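There are 2 protein chains.
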Amino acid sequence: MSPDIGRLVPGRPGAPTAPGAPHGGPAGGPAADPAGDRSVGGARFMAAPVRRAGFPSPAGPDRSRRGPVAHAGGAAPDAVQVPPPRKVGMRDVARLAGVSHQTVSRVLNDLPNVSDGTRSRVLDAVRILNYRRNLAARTLVTSRSRTIGLIGFETTLAGPASMIYGIEKAAREAGYYVSIATVRSLDRHAVLDAVEQLCAQAVEGIIAIAPKNSVADALAQAPPGTPTVGVGGADDGAVPMLRVDNVRGACLATRHLLDLGHRTVHHVPGPADWPEGRDRIDGWRQTLHAAGAPVPPVAAGDWSARSGYLRGQVLAADAGVTAVFCGNDHIALGVLRALHEAGRTVPDDVSIVGFDDMPESGYFLPPLTTVHQDFAELGRRSVGLLVARLDGTPIPTSPVHLAPSLIVRASAARTQV
Amino acid sequence: MSPDIGRLVPGRPGAPTAPGAPHGGPAGGPAADPAGDRSVGGARFMAAPVRRAGFPSPAGPDRSRRGPVAHAGGAAPDAVQVPPPRKVGMRDVARLAGVSHQTVSRVLNDLPNVSDGTRSRVLDAVRILNYRRNLAARTLVTSRSRTIGLIGFETTLAGPASMIYGIEKAAREAGYYVSIATVRSLDRHAVLDAVEQLCAQAVEGIIAIAPKNSVADALAQAPPGTPTVGVGGADDGAVPMLRVDNVRGACLATRHLLDLGHRTVHHVPGPADWPEGRDRIDGWRQTLHAAGAPVPPVAAGDWSARSGYLRGQVLAADAGVTAVFCGNDHIALGVLRALHEAGRTVPDDVSIVGFDDMPESGYFLPPLTTVHQDFAELGRRSVGLLVARLDGTPIPTSPVHLAPSLIVRASAARTQV
DNA sequence: GTCGAGAGTGTTAGCGTTCTCATCCCCGAC
DNA sequence: GTCGGGGATGAGAACGCTAACACTCTCGAC
Chain P
3 MSPDIGRLVP GRPGAPTAPG APHGGPAGGP AADPAGDRSV GGARFMAAPV
53 RRAGFPSPAG PDRSRRGPVA HAGGAAPDAV QVPPPRKVGM RDVARLAGVS
103 HQTVSRVLND LPNVSDGTRS RVLDAVRILN YRRNLAARTL VTSRSRTIGL
153 IGFETTLAGP ASMIYGIEKA AREAGYYVSI ATVRSLDRHA VLDAVEQLCA
203 QAVEGIIAIA PKNSVADALA QAPPGTPTVG VGGADDGAVP MLRVDNVRGA
253 CLATRHLLDL GHRTVHHVPG PADWPEGRDR IDGWRQTLHA AGAPVPPVAA
303 GDWSARSGYL RGQVLAADAG VTAVFCGNDH IALGVLRALH EAGRTVPDDV
353 SIVGFDDMPE SGYFLPPLTT VHQDFAELGR RSVGLLVARL DGTPIPTSPV
403 HLAPSLIVRA SAARTQV
Chain H
3 MSPDIGRLVP GRPGAPTAPG APHGGPAGGP AADPAGDRSV GGARFMAAPV
53 RRAGFPSPAG PDRSRRGPVA HAGGAAPDAV QVPPPRKVGM RDVARLAGVS
103 HQTVSRVLND LPNVSDGTRS RVLDAVRILN YRRNLAARTL VTSRSRTIGL
153 IGFETTLAGP ASMIYGIEKA AREAGYYVSI ATVRSLDRHA VLDAVEQLCA
203 QAVEGIIAIA PKNSVADALA QAPPGTPTVG VGGADDGAVP MLRVDNVRGA
253 CLATRHLLDL GHRTVHHVPG PADWPEGRDR IDGWRQTLHA AGAPVPPVAA
303 GDWSARSGYL RGQVLAADAG VTAVFCGNDH IALGVLRALH EAGRTVPDDV
353 SIVGFDDMPE SGYFLPPLTT VHQDFAELGR RSVGLLVARL DGTPIPTSPV
403 HLAPSLIVRA SAARTQV
């Protein structure tokens, strides 16, 4: 099933469907039809191997036109009735190619049992008429919309943005369209609305960039028959999930700092109700424990630079702080600034490691050592998971974890002991 | 029972179609005619106190079921035939409410000439069956998909991301769904493909986050009947455009620096083939001219921090440089770093102004003075423009410009003369 | 020659809505 | 009483497509 036959972009190169084109020769009306050779291809075609004694005439009164010629009074036998710009349909293509609409359908769907000659004749007709298959009709009869829904939330975090692109691309390759719905906040109710909106569009499945449990819960409420997949959050098993292994990422970061000789590592976490934030805290804490290092207290914040700045000011005032692992790069940016304002240099006085590896991290002052996660890949994989569910392929029930990696730049250094 | 009739989110609050439903207990139930309507609700209802006792029976042989029950031979009078999980349609609602499907349609579309009693009866039935209108069928007959297409490109720039949210939100409020297509590069061909993909979905219009002329050109090729709108780029009149007044923004920035006493202002531009970049250059140059200040040469780059860093190194080596206007905040970040590495402090030695006001700009070192543009608003307005075109409302032919504003922070200061 | 298999093709039903009429009522005007 | 008008409904007919058959040939096997 060539993913999408329909899209034949004829126009591009040349042949702007020329003269009579747009509406397949209204050939309809005029039975005898001198008109027959009006439409460019029409002539070529109709004349062609008109199969068995060509079409006596489209049996019956030709139901193909809509308004059955209202202009009674008009003598006009040539019925040049103004063609209500009817869109070209399979019927038109069929007529032009001299076959039945069913055969056209077969060609378009790449089904077997169509002779090469017929096939190419149909394809030509399609091209000439600039025909495009009507998705609605198709969806109606197959009850497959070939569309997946994507729930995103309002943020300019680099991660979600990259994921959107990754998802759309992967979906297209898998033969699906992507419809989006965004939520302002991540509370259950808002997400439920988004789910509802997407269902109204009859999407076949839903992917949510879902960093919180509330989102996953809402997702789990999607009507049965509409599989869902969450990316990046939730630690209950409500819905199949996919994300970077945050625990491991935090380990990497913390260990790196410990290895540089720091006695312990402080942490400026993201919001407490985000599983990703919690996982990073866990990874950090575990590593500290394993190394027998003291575990400093953490104060919850959000993912913003502002949050990092605020918390950074506190940390900066504490001479005992020599290494800080930040919940994400934005936070790190804020911490960096607070440290700078307090006169403590990085990495000489304090070492910093972030998380996410946003595109600008390499240009912070100093360039930020951080944990990289491949968002685009995450998006891609999530589509894979969803498609598998749509196909009924069994999928792992536990969250899928992608491995993050540490990007060493200049914000963390050996202690100055 | 109720296998899953309604594929949907059962009542959010509570009452999952349960017995207690809105009106009187349909509790009764199964009784009447076992064989008859095996349709879940059907039974429940017909038996129920369907208002005016009346409605003898939905007259007619009930063509409503599909396969007329093949199991002829089967004795099984109780017809527990496995219910091919048919989706609930208007017909089911109609039957339940004791009206015709046409009346249901009228209620759902809020048309006049439906008595209050009937209306609420229908609404109840809808609720109970958890009925949801089939968009495909609707689209097929109305030839309105109520969907608009959005073309975005792969970037983590904060602008595009914010616009996506703004667009989706505005579209939803206007009653449209949003389907996306992304392009890896902004060349004509790629965009044409995206347009094609969206058209295959029968979107009613297309909005492109289209910072380059090539995109606008491709957009102009959309089939007639599919209006398009571009956001943020293109200066030829190929397509209705909407964007922030970049010339004015650049003026604001340049003038601010000049007012601080700088003899002239250097500029690190974005890519030369982006109208937005060009406009910023123009605004900067015009302001310089107007002030009689010398116009330093500019070297093209791209929008990245890296580009700014590279160019910044050159500028940093030039003692004559005291003020720099950067094409965007990312570039500014790179310039900031280059300056820092060269030992020149900001803003004491050199003043910097950026463009875009990305969320982190306030936490750069030092906090960046920059030009703010309201991306979300841009997205919102673009939907307004597209909807106007869809409605046939005349719209301005020249690009719509939104006013940017200057956000003064700490990266630009009076010269140290 | 008869048959059966199977390729190639056409015919006919729907899919679930909306649209266009036709119908049925109830009312006030004549 | 009869009629016309308008409100409330219902009965099909599309919409453009795919699915399920039915049909027509052509071959090769018997």
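Taken in order, these protein sequences are the chains called P and H. When you line the first sequence up against this note's numbering, it's residues 3 to 419, in that order. When you line the second sequence up against this note's numbering, it's residues 3 to 419, in that order. All C-beta atoms, glycine included, are put in the ideal place defined by N, C-alpha and C. Computed from a predicted model, the values in this text were never measured in an experiment.
For a Cβ distance threshold of 8 Å, residue set 166, 167, 170 and 171 of chain P lies close to residue 184/H, ordered along the chain.
Contacts with chain P (Cβ-Cβ distance below 8 Å) from the segment 112-139 of chain H involve 134, 135, 136, 137, 138 and 139, listed in chain order. If you draw a straight line from the Cα of residue 418/P to the Cα of residue 350/P, it comes to about 7 Å. Residue 372/P and residue 253/P have their C-alpha atoms spaced approximately 12 Å apart. Using beta-carbon distances, residue 313/P does not count as an interface residue toward chain H, since no partner is under 8 Å.
Where residue 179/P is concerned, there is no enclosing alpha helix (DSSP H), although the beta strand (DSSP E) around it starts and stops at 179-185. In terms of beta-carbon proximity, residue 176/H stays away from the interface with chain P, with every pair separated by 8 Å or more. If you look at residue 407/P, you'll find it in the beta strand (DSSP E) that goes 407-409. With distances taken between CA atoms, residue 262/P lies nearest to 416/P out of 94/P, 129/P, 416/P and 105/P. The segment 406-413 of chain H makes no contact with the segment 313-333 of chain H; the number of CB pairs closer than 8 Å stays below 3.
Rounded to the nearest whole angstrom, the C-alpha separation of residue 307/H and residue 365/P is 7 Å. Contact between the segment 162-174 of chain H and the segment 132-141 of chain H is absent, with fewer than three C-beta pairs closer than 8 Å. In this structure, 370/P is the residue among 361/P, 370/P, 343/P and 359/P with its C-alpha nearest to the C-alpha of residue 353/P. The C-beta of residue 335/H comes closer than 8 Å to at least one C-beta of chain P.
For a cut-off of 8 Å, the C-beta gap from residue 277/H to residue 236/H is around 6 Å, short enough to register as a contact. Exclusion of the five residues before and after residue 218/H leaves 212, 232, 236, 240 and 241 as the residues of its chain whose Cβ lies within less than 6 Å of its Cβ. Going by DSSP, residue 284/P is part of the alpha helix (DSSP H) stretching over 277-293. Nearest in C-alpha terms to residue 305/H, of all of 333/H, 287/H and 294/H, is 333/H. Between residue 361/P and chain H, the shortest Cβ-Cβ separation is below 8 Å. Counting only Cβ-Cβ distances below 8 Å, residue 328/H has no contacts in chain P at all, with the closest Cβ about 12 Å away. A direct Cα-to-Cα measurement between residue 367/H and residue 362/P gives close to 14 Å. The criterion of a C-beta distance shorter than 8 Å is satisfied by residue 167/P and residue 156/H.
Neighbours of residue 180/P in chain H, taken as residues at a C-beta separation under 7 Å, are given in chain order as 181 and 182. DSSP, read as helix, strand or coil, puts residue 377/P in helix.
Residue 261/P: member of the alpha helix (DSSP H) spanning 248-261, first to last residue. With a minimum length of 4 residues, the unbroken runs of alpha helix (DSSP H) contained wholly in the segment 173-227 of chain P fall at 190-202 and 215-222. Contact annotation: residue 283/H and residue 264/H have beta-carbon atoms that are not nearer than 8 Å. Bridge pairing for residue 325/P: 353/P [DSSP]. For the segment 202-214 of chain P, the set of residues with a beta-carbon nearer than 7 Å to any beta-carbon of chain H comprises 202, 203 and 204, in chain order. Counting other Cβ atoms within 10 Å of its Cβ, residue 113/P stays below 16 and is therefore classed as exposed. Listed along chain H, the residues sitting closer than 9 Å to residue 199/P by beta-carbon distance are 174 and 179. In terms of beta-carbon proximity, residue 158/H lines the interface with chain P, with at least one pair separated by less than 8 Å.
Considering only 223/H, 266/H, 244/H and 345/H, the residue with the shortest C-alpha distance to residue 402/H is 244/H. Put simply, the backbone Cα of residue 326/H is about 46 Å away from that of residue 178/P.
Between the segment 119-133 of chain P and the segment 188-200 of chain P, the count of Cβ pairs shorter than 8 Å is below three; the stretches do not touch. Excluding residues up to 5 positions away in sequence, 318 lie with their Cβ nearer than 6 Å to the Cβ of residue 344/P in the same chain.
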